[in-house]
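Chemist:
Numbering (our numbering), first residue to last: 453 to 730.
1) Buried or exposed: residue 406, going by 16 or more other Cβ atoms within 10 Å of its Cβ?
2) Hey, residue 653 and residue 678 are a contact pair by Cβ (cut 8 Å); roughly how many whole angstroms apart?
3) Mark residue 719 as exposed unless 16 or more other C-beta atoms lie within 10 angstroms of its C-beta, in which case mark it buried.
4) Beta strand (DSSP E) containing residue 629: first to last residue?
5) Between the region 473-492 and the region 546-553, can you find at least three pairs of beta-carbon atoms closer than 8 Å?
6) Between which two residues does the beta strand (DSSP E) harbouring residue 614 extend?
7) Is residue 603 closer than 8 Å to residue 613 when the C-beta atoms are compared?
8) Got a sec? Which residues, its chain only, sit under 6 Å from residue 646 by beta carbon, not counting five neighbours each side?
9) Using a threshold of 8 Å, state whether the C-beta atoms of residue 496 and residue 476 are closer than that.
10) Below 8 Å CB to CB, which residues in the same chain sit around residue 616 once its five sequence neighbours on both sides are set aside?
11) Scan the region 540-579 and note each continuous beta strand (DSSP E) run of 3 residues or more that stays entirely inside, going in chain order.
12) Return the residue from the list 541, 607 and 500 that minimises the CA-CA distance to residue 579.
13) Under the rule that 16 or more other beta-carbon atoms within 10 Å means buried, what is residue 544, buried or exposed?
14) Using three-state DSSP, classify residue 660 as helix, strand or coil.
15) From residue 723 to residue 474, what does the alpha carbon distance come to, in whole angstroms?
16) Note down the Cα distance separating residue 725 from residue 712, rounded to an integer number of angstroms.
17) Which partner residues of residue 522 appear in the DSSP bridge assignment?
18) Which word fits residue 590, buried or exposed, when buried means at least 16 other C-beta atoms lie within 10 angstroms of its C-beta?
19) Please name the residue in 581, 565, 560 and 577 whose C-alpha comes closest to that of residue 571.
20) In chain order, what residues of the same chain have a beta carbon less than 6 Å from the beta carbon of residue 622, not counting five sequence neighbours either side?
21) Look up residue 454 in the DSSP assignment and say whether it is helix, strand or coil.
22) Mind checking whether residue 600 and residue 555 have CB atoms under 8 Å apart?
23) May I ask you to report which of helix, strand or coil DSSP gives residue 504?
24) Under a three-way DSSP split, which group does residue 651 fall into?
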């Protein structure tokens with residue numbers, strides 16, 4: 453008999469990617485014992501929450517969640533509040549928190565320049581030989597009237613292992629892009645395009661500076677460059693390969709020319725071929 457967790461993942465891969473969140477909720481209701489494993493393994497569209505103290509929006513994911521509470525990167529507090537003993541293990545402090553604040557400031561500028569809106573959040577936590585974290589972006593847009601919609605979610609999970617002396621570090625980055633586009637109009641009827649793309653990269657990068665603040669800024673800069681390069685590659689891949697292939701398929705299946713005009717062109721082509729044969 454197949455493992456229930458593997459069966460659930462296989463089922464989600466076969467269902468409509470635009471309904472992954474709803475399907476995931478249905479599976480969890482059927483098998484509550486798989487909730488933690490499924491939530492940590494399946495990427496779904498990010499949700500936004502408003503920080504009550506700062507008034508700023510932040511993104512919610514499994515990495516800043518404790519049951520039904522989410523940690524705000526702006527205040528470093530869970531909303532709603534959780535037990536102080538649990539919070540001590542889940543809330544970063546010291547150098548990790550300083551890097552988290554610097555990374556949030558950096559990606560906020562990046563988001564405004566590249567996305568021209570949307571919401572971004574970054575969360576870090578300590579490891580035995582370094583730290584790990586996640587950088588999140590979300591942008592939604594409307595198309596033609598109320599009938600068009602579009603959503604882009606970027607999830608960058610990183611793991612940083614520092615070498616002895618903190619002169620260099622090994623960076624491992626796993627990036628996932630979730631795309632959801634839809635349009636309904638008399639011209640095209642109903643069109644939906646949804647899916648996700650995941651890529652991974654690793655790099656050993658030198659760290660400049662001797663003091664802790666310089667090393668921390670070095671980590672933030674290295675993470676930002678790796679993330680930017682990965683997003684650029686994935687955007688180009690989506691545009692050139694996936695969208696290009698979709699255009700080819702649609703172009704072969706549907707013609708924007710009237711059937712009468714297509715018939716005349718075919719007849720003219722046959723006439724030319726017949727004359728060349730004679």
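Virtual Cβ for every residue (Gly too), placed ideally from N, Cα, C. Computed from a predicted model, the values in this text were never measured in an experiment.
Modeler: According to the structure shown:
1) It is not possible to answer for residue 406, since the shown part of the chain is limited to 453 through 730.
2) A Cβ-Cβ distance of about 7 Å is found for the pair residue 653 and residue 678, placing them in contact under the 8 Å criterion.
3) The residue is exposed, with fewer than 16 neighbouring Cβ atoms inside 10 Å.
4) 620-637 is the span of the beta strand (DSSP E), which, as asked, contains residue 629.
5) No: fewer than three Cβ pairs fall under 8 Å.
6) Residue 614 -> beta strand (DSSP E) spans 601-614.
7) No. Outside cutoff.
8) Beyond the five residues adjoining it in sequence on each side, residue 646 comes within less than 6 Å, by CB distance, of 469, 470 and 632 in the same chain, given in chain order.
9) In this structure, residue 476 lies closer than 8 Å to residue 496 by Cβ.
10) Cβ contact annotation for residue 616 (same chain, cutoff 8 Å, sequence separation greater than five): none.
11) If one requires a minimum length of 3 residues, the beta strand (DSSP E) runs lying completely within the region 540-579 are 571-579, in chain order.
12) Of the listed residues, the one whose Cα sits closest to residue 579 is 541.
13) Around the C-beta of residue 544, 16 or more other C-beta atoms lie within 10 Å, and the residue is accordingly described as buried.
14) Reduced to three states, the DSSP call for residue 660 is coil.
15) Going by the C-alpha atoms only, they are around 56 Å apart.
16) Linking residue 725 to residue 712 through their CA atoms gives a straight-line distance of about 20 Å.
17) Residue pairing of residue 522 in beta bridges, as defined by DSSP: 517 and 531.
18) The residue is buried, with at least 16 neighbouring Cβ atoms inside 10 Å.
19) Minimum Cα distance to residue 571 is reached at 560.
20) Within the same chain, Cβ atoms closer than 6 Å to the Cβ of residue 622 are found at 613 and 656, the five residues on either side in sequence being excluded.
21) When secondary structure is reduced to three states using DSSP, residue 454 falls in the coil class, being assigned neither helix nor strand.
22) The answer is no: Cβ separation not under 8 Å.
23) Three-state DSSP puts residue 504 in coil, outside helix and strand.
24) Strand.
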